[in-house]
Amino acid sequence: MSDSHAHSHQQAQAPGPAIGDLLAPPIDWSDHPLTYYEKRIIAIGNLLREKGILTVDEIRRATEELEARTPALGARVVARAWVDPAYKARLLANAKAAVEELGIPTDTINHLVVPENTDKVHHVVVCTLCSCYPRQLLGEPPDWYKSDAYKIRIIQDPRSVLRERGVHLAEDVEVRVLDSTADVRYLVLPRRPPGTEGWSEEQLATLVTRDAMIGVAEALSPTSR
Amino acid sequence: MPYRFAIGDRVRVKALYPPGHVRTPVYIRGKQGVITAQHGHFPNPEQLAYGRDGLPPIPLYGVTFDLAEVLGRPAGRDRLTLDIYEHWLEPA
């Protein structure tokens, strides 16, 4: 019978040709021992390419399109809302239409809601079921947003998560956790930092971070830049 | 298109545990909240997940709960809003 100890040791060390060509991982997969599901994704991807259903070019272009979107898009929306009260009113009433006014596409978002943080309420967004996130406005979510730790703790004790991220709220401020369980995507409108009177939209946009639009941070203050 | 519930209505999430794909998290089932938004009508994801068209579209609500009620312990004035489809809600 084969030496089972050597076999399992070899599997953990060398993902790739040792387990057959179908499972040869692409260059961005091979730096850690692969899980069962990672091997399955790799095998399916290799099959799709081999059968000509998807080309390497199509995959690369789709990846580049995903990676081209950044939080700078959402920051433009926030900065415009800060300087233009009429725009802000339109944004709060019909977010998709208001975002499209700025030439930003929202066609993959079924319904967009922009909740406004005030001195009375602080919003923070999670998707406990999967990783729903306004990707067309923020790009891909960070790994922590998709973690069990975040999903559990933001429901069980949201203030402890906020404190860890540097957000300290008074007891009379309501924390409103938004669990995007369905077709709605949320982009939090953070509070405009004091000391920014007279700033241009472009300058204001530099204060708006991805984390502030998720709700785990405030916008940057002028003195912290 | 019609909505059964109006903003301000008190509702309870049904304590059902069907098999298959649903978008109502287990932690909110049986809990009481209030309708705070009418988001529109969308194809039923429980059908879309199995390759069906999910039509006719069904109403989707923003439902807001006291976090203390959800957790069963004090949580200040903090609240939690989920987006729940109409067939998961009943009057409280």
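Residue numbers (the numbering used here), protein chains in the order written: chain C, 7 to 231; chain P, 133 to 224. Glycine is no exception: its CB is placed at the ideal position from the N, C-alpha and C atoms. These numbers were taken from a predicted model, which means no experiment stands behind them.
- Non-local C-beta neighbours of P177 of chain P in its own chain, meaning closer than 6 Å and more than five positions away in sequence, comprise R155, ordered along the chain.
- When DSSP states are grouped into helix, strand and coil, V127 of chain C belongs to the strand group.
- Counting only the Cα atoms, E207 of chain C lies some 5 Å from A85 of chain C.
- E177, E180, V181, R182, V183, L184, D185, S186, T187, A188, D189, V190: these are the residues of the region 174 to 197 of chain C whose beta carbon lies less than 7 Å from some beta carbon of chain P, given in chain order.
- Rounded to the nearest angstrom, the gap between the Cα atoms of T61 of chain C and Y139 of chain C is 27 Å.
- Taking the Cα positions, L108 of chain C is about 11 Å away from A101 of chain C.
- Counting only the Cα atoms, A169 of chain P lies some 20 Å from I220 of chain C.
- The shortest CA-to-CA distance from T187 of chain C to any of P:P189, P:H171, P:R184 is the one to P:H171.
- The beta carbon of Y149 of chain P sits closer than 8 Å to those of V158, R161, all from its chain and outside the five residues before and after it, given in chain order.
- Residue-level contact by beta carbon holds for G172 of chain P and chain C, with a gap shorter than 7 Å.
- As the crow flies, the alpha-carbon of A49 of chain C is around 12 Å from that of K57 of chain C.
- For T168 of chain P, not one C-beta of chain C is nearer than 7 Å to its own C-beta.
- Counting only the Cα atoms, R211 of chain P lies some 6 Å from F197 of chain P.
- By the neighbour-count criterion, in which a residue is buried when 16 or more other Cβ atoms sit within 10 angstroms of its Cβ, D185 of chain C is buried.
- Taking a beta-carbon distance threshold of 7 Å, H117 of chain C counts as an interface residue toward chain P.
- At a cut-off of 7 Å between beta-carbon atoms, L148 of chain P makes no contact with chain C.
- Put simply, the CB of L187 of chain P is far from chain C, with every gap to its CB atoms at 7 Å or more.
- The criterion of a C-beta distance shorter than 7 Å is satisfied by A87 of chain C and K94 of chain C.
- Rounded to whole angstroms, the Cβ separation of V190 of chain C and H117 of chain C is 5 Å, and the two are in contact under 8 Å.
- Within the region 122 to 150 of chain C, the residues whose Cβ lies closer than 8 Å to any Cβ of chain P are, in chain order, T134, L135.
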